[in-house]
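Below: one structure, written as structure tokens.
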């Protein structure tokens, strides 16, 4: 796993090496083992790379330059099954100069162009300069596991693994106020930094003499509603088991020690079980334990899984004070707001794992997205997709939903949510929930900010930019899953709970359940194999049954969340929230009315515990925005920064 910076300019010119080296310094956490900078002799491109050595320890330095000098590339990530692809390429006459898995991408591109890169399997972000064709090509993995951002600055195109590197290289640090108002930094490819976009999952971006071009090489394709109904349920379960086992086997390949993140849910527990059986030896398993509130602590379930597999079990105890102490630095790495401090906890976990001598961990991220594990997918199944289910049970569960919930499908929902329901012919529970939360947040906006961005219809903008061919004729649950995979999976889950918090401490996280072969198999299975009654992830749960303790096999989905700061108002995390929101950072923030925010803070102690818990995500986001503004010297267009990102890196 690594980090990189790249610049392409149509007209040959010199580059600011000092700025580019500073950019690499901001990425040191992604690659502490090596650093290098390569220049195109003609002056059109430069590529910089920092390396975390995992495979090919002795000779895997990047950028990798072809012997002919016409192609140079840098890779962040891991390319699995590379030994087989290497043998096939060598049989065709390709000559390799490194033992690195990354080099196969160079030869695949040379032989087959962009189409050759479709053979890659894994989590990756690739940046390649083709000197002969005078172009720079950026390619991101299918699910968006590895990050990649780009921006135009002074006539050149900049690409990097993290936004902070773009800023250190010279891209201005300005708020994208439209992206915040339209939630495009979650729903689309925007970021909170003006002019900075992310390469979307399964997509490529190319810069050449004609400008910027982009396209998609892969997408999730769910089974159509009118597809023949499969009858071999056991065969589907066995197919999932085989696909997951193969995915884990490929990810056990490393030249350094490997551990497992163990949450206490069935996903990470299954990964520990499969990896233990395939490796034939006990593994190190690391679990976060929230010591302040038992309701949020899954340590006892994680310990069950560790004992079941004979793992060496490590508990990482985290308190509210620990979260407060690490909040700002974790946020600097994250580059997007926290709505809960669980990302900070993951940051602390990764630090502990690195201190234990690990460089690689297996994680269970992705199962909820691939096999419909979230409660909102189960709700969609019961309300909109009840086929092949017990009608009596569905009626009972629907009644339970109506009695227990509020906040879904309220009459005051944004108009574009109602519009989306009309387009889809059904509701989407997670969008209803998010829209209700954002509407409450908008009540704190500055008057001028609200008026300026009123009527932007963020959900309509999100929907209009999707490939509707992958929505037509699909089950409601599958459409809901597709929408989630195009927004919150790459823009939040795989950032806050994945790459950014792991790589902050030079830890490579491997996610077997997001292997595209596993995803493609799951997509073609009917919805009733994913959600059955009140049981989520049915086919995955059955496929992994032999790897799980019985208590975990029967356990329902439990969200990984840190205890709300608002429920522990004497703790340092809540004091951090109060100090920040009563400080000058909030006054300078372009989005919110400081008086309204502080009035809410002052009223908080009089609210019920339930109401306080509901407000916690809002206060976490507000605090995050203030601290991001401070750390990155973010400003509105036309105002002056307090200090530069380049000075921050130094």
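Residue numbers (the UniProt record's numbering): 1 to 650. Backbone N, C-alpha and C fix where the C-beta goes; we use that ideal spot for every residue, glycine too. Bear in mind that the values here come from a model prediction, so they are computed numbers and not experimental data.
What is the residue span of the alpha helix (DSSP H) that residue i lies within?
i	result
residue 158	Per DSSP, residue 158 belongs to no alpha helix (DSSP H); it is in the beta strand (DSSP E), 156-160.
residue 685	Not covered by the structure: residue 685. The range shown for the chain is 1 to 650.
residue 319	It is not in any alpha helix (DSSP H) - residue 319 carries neither H nor E in the DSSP assignment.
residue 301	299-309
residue 145	Run containing residue 145: none; DSSP gives neither H nor E here.
residue 105	103-112
residue 236	233-251
residue 163	163-168
residue 500	500-503
Could you tell me the distance, in whole angstroms, from the CA atom of residue i to the CA atom of residue j?
i	j	result
residue 303	residue 267	14 Å
residue 193	residue 209	26 Å
residue 512	residue 487	20 Å
residue 357	residue 351	10 Å
residue 503	residue 331	13 Å
residue 333	residue 500	6 Å
residue 427	residue 435	12 Å
residue 482	residue 223	12 Å
residue 368	residue 412	29 Å
residue 62	residue 74	6 Å
residue 407	residue 399	With a pLDDT of only 44 at residue 407, under the threshold of 50, the placement of this residue in the model should not be trusted; the figure read from the coordinates follows. Taking the straight line from one Cα to the other gives about 16 Å.
residue 3	residue 83	23 Å
residue 11	residue 125	26 Å
residue 470	residue 221	6 Å
residue 219	residue 569	45 Å
residue 541	residue 526	15 Å
residue 522	residue 378	16 Å
residue 649	residue 25	Confidence is the limiting factor: at residue 649 the pLDDT is only 36, short of 50, which leaves the residue's position unreliable, though a coordinate-based value still follows. The alpha-carbon atoms of residue 649 and residue 25 are separated by roughly 7 Å.
residue 199	residue 150	7 Å
residue 70	residue 516	31 Å
residue 64	residue 380	48 Å
residue 472	residue 479	9 Å
For the ligand SAH, is there any heavy atom lying closer than 7 Å to the beta carbon of residue i?
i	result
residue 364	As for the ligand SAH, it is missing from this structure, which has no ligand bound.
What span of residues does the beta strand (DSSP E) with residue i cover, start to end?
i	result
residue 47	45-51
residue 632	Here residue 632 belongs to no beta strand (DSSP E); instead the alpha helix (DSSP H) covers 609-632.
residue 36	34-39
residue 3	2-8
residue 509	508-510
Which residues does DSSP list as the beta-bridge partners of residue i?
i	result
residue 261	286
residue 190	197
residue 78	123
residue 206	137 and 213
residue 279	None, per the DSSP bridge assignment.
residue 151	158
residue 635	174
residue 327	Residue 327 is not bridged to any residue.
residue 65	72
residue 130	71 and 135
Next on the checklist: With a threshold of 8 Å, are at least 3 pairs of Cβ atoms found where one atom belongs to the region 85-99 and the other to the region 4-24?
Outcome noted: no
Next on the checklist: Measuring CB atoms only, is the region 170-183 touching the region 109-122, in the sense that at least three cross pairs come out at less than 8 Å?
Outcome noted: no
Checklist entry - If you scan the region 523-595 from start to end, which runs of the alpha helix (DSSP H) of 4 or more residues do you find wholly inside it? => result 538-543, 550-553, 572-581 and 584-588
Checklist entry - Does the region 340-359 come close enough to the region 312-328 that 3 or more CB-CB pairs lie under 8 Å? => result yes
Next on the checklist: Count Cβ pairs between the region 190-204 and the region 222-240 that sit closer than 8 Å; are there 3 or more?
Outcome noted: No, they do not touch.
Checklist entry - Quick one: any contact between the region 497-509 and the region 148-159, if contact means 3 or more CB pairs under 8 Å? => result no
Checklist entry - Taking contact to mean at least 3 C-beta pairs separated by less than 8 Å, is the region 430-441 in contact with the region 381-389? => result no
Item to check | Whole alpha helix (DSSP H) elements within the region 420-489, 4-residue minimum | outcome: 429-442, 447-453, 458-464 and 476-485
Item to check | Any alpha helix (DSSP H) of 4 or more consecutive residues that is wholly inside the region 339-408 | outcome: 342-355, 367-371, 375-384 and 391-404
Checklist entry - Quick one: any contact between the region 17-29 and the region 41-48, if contact means 3 or more CB pairs under 8 Å? => result yes
Checklist entry - Counting pairs of beta carbons, one from the region 280-300 and one from the region 526-536, are three or more of them closer than 8 Å? => result no
Checklist entry - Do the region 285-299 and the region 253-264 meet, that is, are 3 or more Cβ pairs less than 8 Å apart? => result Touching, yes.
Next on the checklist: Between the region 415-423 and the region 553-570, can you find at least three pairs of beta-carbon atoms closer than 8 Å?
Outcome noted: no
Checklist entry - At a cut of 8 Å, does the region 211-221 reach the region 489-498 through at least three beta carbon pairs? => result Result no; under three Cβ-Cβ pairs closer than 8 Å.
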